[in-house]
Amino acid sequence: MPNLSTPIGDLRARYDVVVIGSGYGGAVVARWMAKSARARRERGEDPFTVCVLERGWEIRPGQYPTSLLGALRSGQLDTSIGHFGRPTSLFDLRMHRDVTVLVGCGLGGTSLINASVILEPKDLSDPVWPDTLRARWPADLQKKNALKSEFERVREALDAKPLPDDIELSKVTRLVESAQGDAHKVHRPAIAVSFHTHVNQFGVQQGRCALCGNCITGCNYSAKNTLIMNYLPAAAAAGASIFCGIQVSAVEPSDARAEASDWLVHARILRATRAMVQVRHGLGPHGRLRHVRPPRRRPSMTPTTTRASSDTRRA
Ligand SMILES: Cc1cc2nc3c(=O)[nH]c(=O)nc-3n(C[C@H](O)[C@H](O)[C@H](O)COP(=O)(O)OP(=O)(O)OC[C@H]3O[C@@H](n4cnc5c(N)ncnc54)[C@H](O)[C@@H]3O)c2cc1C
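Heads up, the sequence shown is in the working numbering, so the first residue is 5 and it goes up one at a time.
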C-alpha cells in the first residue's frame with residue numbers, strides 16, 4: 005500500500021483549500037474538494053490546490069500496538085496539570101474536570117481507533133434532535149429524508165455492512181440468548197469492516213477480518229475500513245497533498261477588516277522523537293512544548309480569496 009502523505013519539504017506557502025485534520029470531517033471534505041479541483045482541471049478551467057494538515061503520523065496496518073505496553077506507549081494524556089507523551093501519539097486522552105475525551109491522532113483521525121459501527125442518523129425532523137442543534141443545519145438538510153441519501157453515499161464509500169450471517173461470534177450468540185431467543189430483537193448494525201481479501205473501490209488492497217477484536221487499538225490486517233482505505237486515498241488520487249506531523253495552532257484572516265480576505269494558517273511542524281512532558285504551570289495554556297523543534301519560519305499558508313475561503317469565513 006503506497007504512502008498517502010507527502011514529504012514535508014513539498015509543503016507550499018499557499019493553498020486555495022486547507023483542510024485541518026484528517027478524521028471523517030476532514031477526509032470527506034478533502035476528497036470532494038480535490039475531486040472538484042480535478043474536474044475543473046479536466047475542463048481546462050483554473051483548478052485550485054487542496055492540502056490536508058494532520059498533526060499525527062501516517063500509521064499503516066502492521067504498525068498498530070499489539071500489547072498493553074505498546075498501547076500505553078502510543079498514548080498521550082492531557083490534564084489540567086500538563087500534557088504527557090508525544091503530541092503525535094495515537095491515543096490522545098484528554099481528562100479534564102467537566103469532560104474526558106479520547107481522540108485518535110494520526111492520518112485517518114479517530115477512524116483508526118473506533119469500533120467502525122455505522123448507524124444511520126435520525127432524520128433532522130425527528131424530535132430527538134434538540135431545536136438549538138437542528139436550527140444550525142442548512143434548511144435543505146432539515147427536510148424529511150434529506151439525510152438518507154447523504155448517509156447512503158457515506159455507507160457505500162465506507163463499505164459498511166452487517167457482520168455476515170455465516171460468521172458466528174459468541175458475543176452475538178449471547179446477546180441473542182439474552183433477548184430470550186427472539187433473534188428479531190437483536191439487530192446487526194452495519195460495520196465498516198472487510199470480511200474478504202479484495203482490492204476495494206478506491207484501489208486499496210484490503211485483508212480479511214481476523215476476528216481478533218483489536219479494532220480500537222488499530223487494525224493490523226487492513227480489514228477495518230478506516231479513512232486511509234477510502235476517502236483519503238481518493239483525496240490523494242484526485243490531487244490533494246496530505247501532510248502529517250503538522251499541528252495547526254491558529255487560523256486568522258490576513259485582513260480582518262476586509263469582507264473577503266486571505267486566511268493565514270499558523271502551524272508548527274512536530275518532530276518529536278522522545279516522550280515529552282509539558283507542565284502548564286508558569287507557561288500558560290499555550291506553553292511551548294519541549295523537544296519540539298519549531299519550524300525555522302512559521303509556515304503561514306494564505307489561501308487566495310476563493311469562494312471557498314470566503315464561505316469559510318461566513319461559516
Ligand atoms: C474508542 C472509540 C470508538 C468509537 N466507535 C464509534 C463507532 O463505532 N461508530 C461511530 O459512528 N463513531 C464511533 N466513535 C466516534 C467517531 O470515531 C468520531 O465521532 C469521529 O471520528 C469524529 O470525526 P471527526 O472528523 O470530527 O474527528 P476525528 O476523527 O477525531 O479527527 C480529527 C483529526 O484532526 C486532527 N487534529 C486535531 N487537531 C488538530 C490540529 N490542531 N492540527 C492538525 N490536526 C489536528 C486529529 O489528529 C485527527 O486526526 C468512536 C470513538 C472512539 C474514541
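Glycine included, every Cβ here is placed at the ideal spot set by N, Cα and C.
Nothing here was measured: the structure is a model prediction, and the numbers come from that model.
ask   = Should V21 go down as buried or exposed, given a rule of 16 or more other Cβ atoms within 10 Å for buried?
value = buried
ask   = Relative to ligand 1, is the shortest distance from any of its heavy atoms to the C-beta of G222 smaller than 6 Å?
value = no
query = Do you know how far the Cα of E156 is from the Cα of A31?
reply = 17 Å
inquiry  = When you compare the CB positions of A227 and V197, do they come within less than 7 Å of one another, or not?
reply    = yes
request  = Count the other C-beta atoms from every protein chain shown that fall within 10 angstroms of the C-beta of P237, then say buried if there are 16 or more, exposed otherwise.
outcome  = buried
request  = Run through the region 190-255 for me and flag every whole beta strand (DSSP E) of 3 or more residues, listed as ranges in chain order.
outcome  = 245-248
ask   = Is the region 238-255 in contact with the region 6-20, if contact means three or more CB pairs nearer than 8 Å?
value = yes
ask   = Taking 6 Å as the cut-off, is the CB of L57 close to at least one heavy atom of ligand 1?
value = Remark: the C-beta of L57 is in contact range of ligand 1, defined as less than 6 Å to any heavy atom.
ask   = Of all the alpha helix (DSSP H) runs that stay within the bounds of the region 95-162, which reach a length of 4 or more residues?
value = Secondary structure remark: continuous alpha helix (DSSP H) runs of at least 4 residues inside the region 95-162, in chain order: 135-138 and 150-161.
request  = With a threshold of 6 Å, establish whether the CB of A244 neighbours any heavy atom of ligand 1.
outcome  = no
task = Report the option in G86, V132 and L231 whose CA atom is closest to the CA atom of N118.
result = L231
key: Close beta carbons around T2, own chain, < 7 Å, minus the five adjacent residues each side   = Beyond the ends of the chain as shown, which are 5 and 319, falls residue 2; an answer cannot be given.
key: Helix, strand or coil at D82 according to DSSP, with G and I counted as helix   = strand
request  = Taking 8 Å as the threshold, find out whether the region 211-222 comes into contact with the region 63-75 through three or more Cβ pairs.
outcome  = yes
message = Check this for me: beta carbons of Q80 and G89, under 7 Å apart or not?
response = yes
key: Distance between L94 and G110 (C-alpha atoms, nearest Å)   = 6 Å
inquiry  = Mapping the DSSP letters down to three states, classify W267 as helix, strand or coil.
reply    = strand
key: M233 and V208 closer than 7 Å at C-beta   = yes
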